[in-house]
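In our numbering, the protein residues as written are 1 to 201.
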């Protein structure tokens, strides 16, 4: 039980945007100015980590949410809308910065994924945000591999294994039903592919 709680806490969905951004710059075969790279990483860290933590702290003080884990469907509505807005804004910003077009697609894919999870709340379906996030990251890495003809099999296999560990931990904590775990992963993965296909149509 302690291990499952540790996994759920350490590998929280909120860290995946910054992880995806760091991997983008590590794996990208073309040069991006270091100053631009640092600015983008800082922007993502503030926009997807610091601001959401501040926002959820405010919601907690207002008794709108009980915990950052967002256990109930009611608790998820405001945070998910906030994350949708942040992801879309970052996507637009990076799309206009021509040197990081692929990174903008990562954030547009996240926007679609989180908005899908938000809509499912209205049919009382609590999508696993943990598996949605890792599914999105796997989709993004796969797209980078395809776009630049990179051999990223080892990284992809590692993240697939991690996705299994995360999903199992969420099940053992009774945080989600099996279908919420699987659909979360599929939403995260598919929305990255959809964003890529729309851009390259």
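All residues carry an ideal CB built from backbone N, CA and C; glycine is no exception.
**Cβ-Cβ distance between residue 125 and residue 198 below 9 Å** = Contact: no.
**Asked** Taking residue 200 as the reference, which of 5, 102, 96 and 64 has the closest Cα?
**Response** For residue 200, the nearest C-alpha among the options comes from 102.
**Message:** Taking 9 Å as the threshold (C-beta atoms), are residue 7 and residue 134 in contact?
**Reply:** Not a contact, by the Cβ cut-off of 9 Å.
**Request:** Taking 9 Å as the cut-off, decide whether the C-beta atoms of residue 87 and residue 111 are in contact.
**Result:** Yes, Cβ-Cβ distance for residue 87 and residue 111 is below 9 Å.
**Residues near residue 148 in its chain [Cβ-Cβ closer than 6 Å; skip 5 each side]** = Contacts found: 29.
**Item:** Nearest residue (CA-CA) to residue 24, options 89, 120, 107 and 118
**Value:** Nearest option by C-alpha distance: 107.
**Request:** Over the uninterrupted alpha helix (DSSP H) stretch that includes residue 96, give me the two end residues.
**Result:** Annotation: the continuous alpha helix (DSSP H) that includes residue 96 extends over 73-96.
**Asked** In three-state DSSP terms, what is residue 127?
**Response** Per DSSP, reduced to three states, the secondary structure at residue 127 is coil, with no helix or strand assignment.
**Message:** Just to confirm before moving on: does the CB-CB distance between residue 19 and residue 100 stay below 9 Å?
**Reply:** Cβ atoms of residue 19 and residue 100: not closer than 9 Å.
**Message:** Going by DSSP in three states, residue 65 sits in which element: helix, strand or coil?
**Reply:** The answer is coil: DSSP assigns residue 65 none of H, G, I, E or B.
**Request:** Just tell me which of 83, 168 and 39 has its CA closest to the CA of residue 15.
**Result:** Selected option, being the one with the closest Cα: 83.
**Message:** Please report the distance separating the alpha-carbon of residue 104 from that of residue 119.
**Reply:** A straight line joining the alpha-carbon of residue 104 with that of residue 119 spans about 23 Å.
**Cβ neighbour criterion (16 or more within 10 Å) applied to residue 189** = So residue 189 ends up on the buried side.
**Message:** Going by DSSP in three states, residue 149 sits in which element: helix, strand or coil?
**Reply:** Three-state DSSP puts residue 149 in coil, outside helix and strand.
**Asked** Excluding sequence positions up to five away, which residues of its chain have a Cβ less than 6 Å from the Cβ of residue 191?
**Response** Apart from the 5 residues on each side of it in sequence, residue 191 sits with its Cβ closer than 6 Å to the Cβ of 109, 112 and 113 in its chain, given in chain order.
**Asked** Distance, Cα to Cα, residue 11 vs residue 96?
**Response** Distance between the alpha carbons of residue 11 and residue 96: 30 Å.
**Message:** Looking only at its chain, what residues have a beta carbon closer than 7 Å to the beta carbon of residue 169, apart from the 5 residues adjacent to it on each side?
**Reply:** Within the same chain, 4, 7 and 8 come within 7 Å of residue 169 by CB-CB distance, once the 5 residues on both sides are set aside.
**Asked** Looking at residue 196 and residue 143, is the spacing between their C-beta atoms short of 9 Å?
**Response** When the beta-carbon positions are compared, residue 143 and residue 196 come within less than 9 Å of each other.
**Asked** With 16 other CB atoms within 10 Å as the buried threshold, where does residue 115 fall?
**Response** Flag for residue 115 reads buried.
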